[in-house]
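Numbering (my numbering), first residue to last: 11 to 185.
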């Protein structure tokens, strides 16, 4: 973790922070699994990183709005069961705040400095997330208005977490 004080850069090593990524749905594609595994391995030098994959609900063809709401609520309850009261929770949602990689890195630093040792991110399934999960979030974060497959988003997001730690370290990886 890197903090700027005037023109000096003070490095503080914090390895007690736990970062958890909760996702909905089973990851099937080998190339995505391999990419995520690589970034999880790289993250070990900075933090205790956990990836929690929760089962998704089968969505019937031509599902009604009430069926979709029911599915979101069931998946949402699974997510909420994995989050404690002491965790700082950032939920990925299209209506959330957008960050540059540098600002995201600063957000992680600021969260740690506020005394949170457990930082949890949530990526929903193909239908998104229930309102209950969004209400539990400490913050909503967006990667923009583009629609990405939720499974691909896992790889992109784990890389961004790794990039945030590399930025804090002052590494040339980010350039």
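Every residue, glycine too, gets a C-beta built ideally from N, C-alpha and C. All figures in this text were calculated on a predicted structure; none of them were measured in a lab.
Integer Cβ distance of residue i from residue j, believed to fall under 8 Å
i	j	result
residue 148	residue 100	7 Å
residue 58	residue 36	About 23 Å separates the two Cβ atoms, so there is no contact after all.
residue 78	residue 137	6 Å
residue 161	residue 42	6 Å
residue 31	residue 131	5 Å
Cutoff 7 Å: residue i Cβ touching any chain D Cβ
i	result
residue 87	The structure shown has no chain D; it contains just one protein chain.
Residues bridged to residue i [DSSP beta-bridge criterion]
i	result
residue 128	28
residue 143	Residue 143 is not bridged to any residue.
residue 34	64
residue 167	Answer is none; residue 167 lacks a bridge partner.
residue 56	Bridge partners of residue 56: none, in fact.
residue 98	129
residue 107	151
residue 135	138
Residue from the options with nearest C-alpha to residue i
i	options	result
residue 117	83, 152 and 174	174
residue 128	158, 180, 93 and 44	93
residue 142	44, 61 and 90	90
residue 105	150, 181, 34 and 51	150
residue 156	126, 122, 32 and 108	108
Residue i burial status per 10 Å Cβ neighbour count (16 or more: buried)
i	result
residue 47	exposed
residue 120	exposed
residue 22	Annotation note: pLDDT 46 at residue 22 (below 50); position unreliable, no value reported.
residue 164	buried
residue 181	exposed
Cα-Cα separation, residue i to residue j
i	j	result
residue 49	residue 81	30 Å
residue 185	residue 112	11 Å
residue 176	residue 84	36 Å
residue 169	residue 88	25 Å
residue 172	residue 73	37 Å
residue 178	residue 38	32 Å
residue 166	residue 76	31 Å
residue 33	residue 183	26 Å
residue 153	residue 146	20 Å
Any non-hydrogen atom of the ligand GDP within 6 Å of residue i CB
i	result
residue 67	The ligand GDP is absent from the structure shown, which contains no ligands of any kind.
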